[in-house]
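Some notes on the structure that comes next.
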Amino acid sequence: SGASSNAHQTPTSRPHARVRPLKRHATRQRHATRPTPGYMVRLLLLVASSLCSPVFAADKSSDSEPHVAPVPAGTVCQNATGLTEPPIRRLRGRQIVACGPAYAPFLLHYHDANGHAVWEGLDVDLLVNIAAILEFNFTILPIAYVPGEPWNDMLDRVIREGECDLVLTWWAHNANRSNRMRLLNGHYDTSVYLTTRPPEIVAKEKAYKRAFSFAEPFTAEGWLSIIVVLMVG
Numbered sequence: 001s002g003a004s005s006n007a008h009q010t011p012t013s014r015p016h017a018r019v020r021p022l023k024r025h026a027t028r029q030r031h032a033t034r035p036t037p038g039y040m041v042r043l044l045l046l047v048a049s050s051l052c053s054p055v056f057a058a059d060k061s062s063d064s065e066p067h068v069a070p071v072p073a074g075t076v077c078q079n080a081t082g083l084t085e086p087p088i089r090r091l092r093g094r095q096i097v098a099c100g101p102a103y104a105p106f107l108l109h110y111h112d113a114n115g116h117a118v119w120e121g122l123d124v125d126l127l128v129n130i131a132a133i134l135e136f137n138f139t140i141l142p143i144a145y146v147p148g149e150p151w152n153d154m155l156d157r158v159i160r161e162g163e164c165d166l167v168l169t170w171w172a173h174n175a176n177r178s179n180r181m182r183l184l185n186g187h188y189d190t191s192v193y194l195t196t197r198p199p200e201i202v203a204k205e206k207a208y209k210r211a212f213s214f215a216e217p218f219t220a221e222g223w224l225s226i227i228v229v230l231m232v233g
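Sequential numbering of the sequence shown, starting at 1, is according to this note's numbering.
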């Protein structure tokens with residue numbers, strides 16, 4: 001649902017490509033080259049945002065050429081200024097190849113007027129910032145998406161076929177997923193939203209009803225019983 005047909009296309013016929021985040025970051029674009037097998041970290045990223053779109057890591061034996069410009073090492077994006085943790089040494093300078101189906105608004109894949117493949121969306125925004133902080137390069141490849149295929153089945157398929165090695169997700173652990181793959185306890189922080197009902201429209205009461213509002217806690221029978229008790233006593 002919501003997948004674009006562009007996810008079925010391969011980038012071999014597109015000589016250039018670039019990343020276009022939704023929030024325009026001041027990052028220099030470079031053409032990606034295929035990383036050597038020994039220098040590539042195969043990773044499956046699932047960016048969590050309500051119903052998340054899976055972004056899978058491409059296998060090193062993929063026939064499709066990487067076509068998204070990597071983020072230059074040491075680049076600091078605007079949204080990453082508040083993070084002061086040192087970069088993880090093991091990721092610095094490495095090449096991560098991610099892939100996934102087009103699924104708006106998380107991952108969008110199309111070609112501009114010049115025929116360049118363009119990726120954008122919420123997943124791309126987050127990946128650009130993470131790559132800048134941890135100083136690794138990345139490329140994005142499209143994968144085939146079967147309309148109506150559940151995320152569980154897609155995840156099982158790409159893992160079983162060896163297209164990815166790792167999944168980062170906040171998906172709930174259930175029996176169906178536990179039987180298909182090994183699940184680790186994750187740690188994440190999510191925002192909390194407090195909502196209230198809209199105020200109810202109350203009809204304007206008449207003056208005599210407001211004057212006798214003190215009698216509302218009891219019914220007419222209750223007040224009659226109280227009066228009888230007082231008179232008898």
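Backbone N, C-alpha and C fix where the C-beta goes; we use that ideal spot for every residue, glycine too.
Exposure label - residue i; buried when at least 16 CB within 10 Å
| i | result |
| --- | --- |
| Thr139 | buried |
| Val97 | buried |
| Phe106 | buried |
| Gly234 | Residue 234 is absent from the structure shown; the chain starts at 1 and stops at 233. |
| Leu250 | The structure shown does not extend to residue 250, since the chain is modelled only from 1 to 233, so the question has no answer here. |
| Val158 | buried |
| Pro217 | exposed |
| Val47 | Note on Val47: pLDDT 35, under 50, position unreliable in the model; the coordinate value appears next. With 16 or more Cβ atoms within 10 Å of its Cβ, Val47 is classed as buried. |
| Asn174 | exposed |
| Asn129 | buried |
DSSP-derived helix/strand/coil call for residue i
| i | result |
| --- | --- |
| Ala73 | Interpretation of Ala73 is limited by its pLDDT of 35, a score under 50 that renders its predicted location unreliable; the figure taken from the coordinates is listed afterwards. Looking at Ala73 - three-state DSSP - the assignment turns out to be coil, as it is neither helix nor strand. |
| Gly222 | helix |
| Asn152 | helix |
| Met231 | helix |
| Ala172 | coil |
| Arg90 | coil |
| Arg234 | Any question about residue 234 goes unanswered here, given that the chain covers just 1 to 233. |
| Arg157 | helix |
| Asn129 | helix |
| Arg177 | helix |
| Ala17 | Because Ala17 carries a pLDDT of 43, less than 50, the predicted location of this residue cannot be relied on, and the following value inherits that uncertainty. Strand, per DSSP. |
| Pro217 | coil |
Closest by C-alpha distance to residue i, when choosing among the options
| i | options | result |
| --- | --- | --- |
| Val146 | Met181, Gly121, Tyr103, Val128 | Tyr103 |
| Ala131 | Ala172, Val228, Leu91, Glu216 | Leu91 |
| Asp156 | Gly100, Met181, Arg94 | Met181 |
| Arg94 | Leu134, Ile226, Trp223, Glu161 | Leu134 |
| Leu127 | Gly115, Ala172, Cys99, Met154 | Cys99 |
| Arg160 | Asn179, His116, Pro101 | Asn179 |
| Pro101 | Asn114, Gly115, Asp123 | Asp123 |
Whole-number beta carbon distance between residue j and residue i, since they are thought to touch under 8 angstroms
| i | j | result |
| --- | --- | --- |
| Asn176 | Asn152 | 6 angstroms |
| Asp237 | Val118 | A query on residue 237 cannot be resolved here, the shown segment of the chain reaching from 1 to 233 and no further. |
| Pro150 | His109 | About 21 angstroms; that fails the 8 angstroms criterion. |
According to DSSP, residues forming a beta bridge with residue i
| i | result |
| --- | --- |
| His137 | It should be pointed out that residue 137 corresponds to Asn in this sequence rather than to His. Asn137 pairs with Gln95. |
| His109 | Trp119 |
| Gly100 | Pro142 |
Test: residue i CB closer than 7 angstroms to a CB of chain D
| i | result |
| --- | --- |
| Gly93 | Absence of chain D from the displayed structure is noted, only one protein chain being present. |
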